[in-house]
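Visitor: Before anything else, here's the structure in question.
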Amino acid sequence: MGTDARSGRLHGARAPQRHARGLRRGDPRPHPQPLHDRARLPGRRRPLARRLTALAVAVAGALGALLRWRIGVAIGLRSFPWATLAVNVVGCFALAAVLAGPGASRWSPTTTTAVAVGLLGAFTTFSTFGYETFTLLRTDEPARAAAYVTLSLAGGLGASALGWVVGRSL
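Sequential numbering from 170 applies to the sequence shown in our numbering.
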């Protein structure tokens with residue numbers, strides 16, 4: 170249950186009673202039920218809004234993936250994964266700027282989700298970072314792997330901090 174910020178009234182449904190093992194009384198299913206009440210999930214009563222958000226995330230995700238691919242083509246294959254480093258650092262900056270600035274105050278939740286999850290989620294890539302680091306280690310290049318991890322973490326954190334400052338000033 171939560172409190173409505175405007176009216177101060179309590180809202181939300183009471184969660185169903187649970188047995189000690191998380192099952193409802195008389196429930197024949199052997200698996201525990203989730204501890205949240207599905208009726209209270211955000212957007213549960215607005216299926217059209219959820220569908221529009223899903224569509225916006227999908228379209229923005231396609232754009233983010235295309236941008237990432239294009240940067241990879243432009244930079245090309247090298248002995249050091251510069252393309253992945255670049256998109257991840259730029260993505261850290263952009264995400265922090267969006268969430269600290271217009272995404273936090275002026276954009277709708279759908280737009281913020283589309284940009285943060287769709288566009289920037291598809292643009293950045295943790296899985297490729299992990300695989301490229303593993304490949305550098307596997308090919309006996311531990312110094313390059315260490316440099317890649319260090320540059321990725323320091324660059325990502327620094328870009329996030331700078332993005333936050335820029336976003337707050339927008």
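In this text, a Cβ means the ideal position worked out from N, Cα and C, and glycines have one as well.
(1) CB-CB under 7 Å to Thr293, same chain, minus the five flanking residues each way: which ones, in chain order?
(2) Which residues in the same chain as Ser321 place their Cβ atom closer than 7 Å to its Cβ, once the five residues preceding and following it in sequence are excluded?
(3) How many whole angstroms separate the CB atoms of Gly241 and Ala291, which I take to be in contact at a CB cut-off of 8 Å?
(4) Decide yes or no for the touch test of the stretch 276 to 289 against the stretch 223 to 231: beta carbon pairs closer than 8 Å, at least 3 of them.
(5) According to the neighbour-count rule (16 or more other Cβ atoms, all chains shown, within 10 Å of its Cβ), is Leu289 buried or exposed?
(6) Closer than 8 Å by C-beta to Gly270: which residues in its own chain qualify, once you throw out the five before and the five after it? Chain order, please.
(7) Check Phe303 in the structure and name its three-state DSSP category.
Guide: Taking the definition as stated:
(1) Val256, Asn257 and Gly260
(2) Leu254, Asn257 and Phe298
(3) Rounded, the Cβ-Cβ distance is 13 Å, inconsistent with contact.
(4) yes
(5) buried
(6) Val335, Gly336, Arg337, Ser338 and Leu339
(7) helix
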